[in-house]
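Heads up: the structure comes next, in structure tokens.
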Amino acid sequence: MELLVNFCNEDTGKSFTVHLHKALTDHGISTFFSPTSQQQQQPNDTQRAIEKCEVFVAVVSPIYASSFFCLDQLSYLLTLPRTPVILPVFYNVEPSHVCWQKGPSRELFWITELRMGLMRRQCRGGEML
Numbered sequence: 001m002e003l004l005v006n007f008c009n010e011d012t013g014k015s016f017t018v019h020l021h022k023a024l025t026d027h028g029i030s031t032f033f034s035p036t037s038q039q040q041q042q043p044n045d046t047q048r049a050i051e052k053c054e055v056f057v058a059v060v061s062p063i064y065a066s067s068f069f070c071l072d073q074l075s076y077l078l079t080l081p082r083t084p085v086i087l088p089v090f091y092n093v094e095p096s097h098v099c100w101q102k103g104p105s106r107e108l109f110w111i112t113e114l115r116m117g118l119m120r121r122q123c124r125g126g127e128m129l
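Shown next, in the form of structure tokens:
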């Protein structure tokens, strides 16, 4: 089974997700997991891993919604013709706050939505050049 762990390195990369990765590999589950900064990952490697995965584990943490890389991976996954099982793991967040974009998560979702909209416009402008 191919499994991809999607997480925000800044708040879970050195704690919860390290333990999750170890538990999965100890049980023989092949995982795509990068403890290095997600900005340093090669986009093609990540996209190939997303395309191959059978299970996509999203570790939703307090600053997950502010991570362009986490949300970009999730949105790429949703564009694929074959969507794997998506398993959200809520770490130090209230699931209803994420679902309804309330509480501390609300502002992060709003800021990220603005940033992603600006980045899309910049990309479109760059493609025209």
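The sequence shown begins at 1 in UniProt numbering and counts up by one.
Cβ coordinates follow ideal geometry from the N, Cα and C atoms, glycine included.
N-terminal and C-terminal residue of the beta strand (DSSP E) that residue i is part of
i, result
"threonine 83", "Per DSSP, threonine 83 belongs to no beta strand (DSSP E) and is neither H nor E."
"serine 30", "30-32"
"valine 59", "55-60"
Between the CA atoms of residue j and residue i - distance to the nearest angstrom
i, j, result
"valine 60", "proline 95", "9 Å"
"isoleucine 86", "glutamine 73", "12 Å"
"residue 153", "serine 67", "A question about residue 153 goes unanswered here, because the residues of the chain that appear run from 1 up to 129."
"lysine 22", "threonine 46", "20 Å"
"proline 62", "tyrosine 91", "8 Å"
"leucine 4", "serine 15", "17 Å"
"asparagine 9", "valine 93", "16 Å"
"phenylalanine 7", "glutamate 54", "17 Å"
"residue 155", "valine 18", "What the structure shows of the chain is the stretch from 1 to 129, and residue 155 is not part of that stretch, so it cannot be assessed."
"lysine 52", "glutamate 2", "7 Å"
"phenylalanine 69", "serine 75", "10 Å"
"leucine 20", "asparagine 44", "24 Å"
"aspartate 11", "alanine 65", "12 Å"
"phenylalanine 56", "phenylalanine 33", "11 Å"
For residue i, the three-state DSSP class (helix, strand or coil)
i, result
"asparagine 6", "strand"
"leucine 20", "helix"
"lysine 14", "coil"
N- and C-terminal bounds of the alpha helix (DSSP H) containing residue i
i, result
"serine 75", "68-79"
Beta-carbon proximity check, residue i vs residue j, cutoff 8 Å
i, j, result
"alanine 58", "proline 88", "yes"
May I ask you to verify whether the region 78-97 touches the region 24-35, counting CB pairs closer than 8 Å and requiring at least 3?
no
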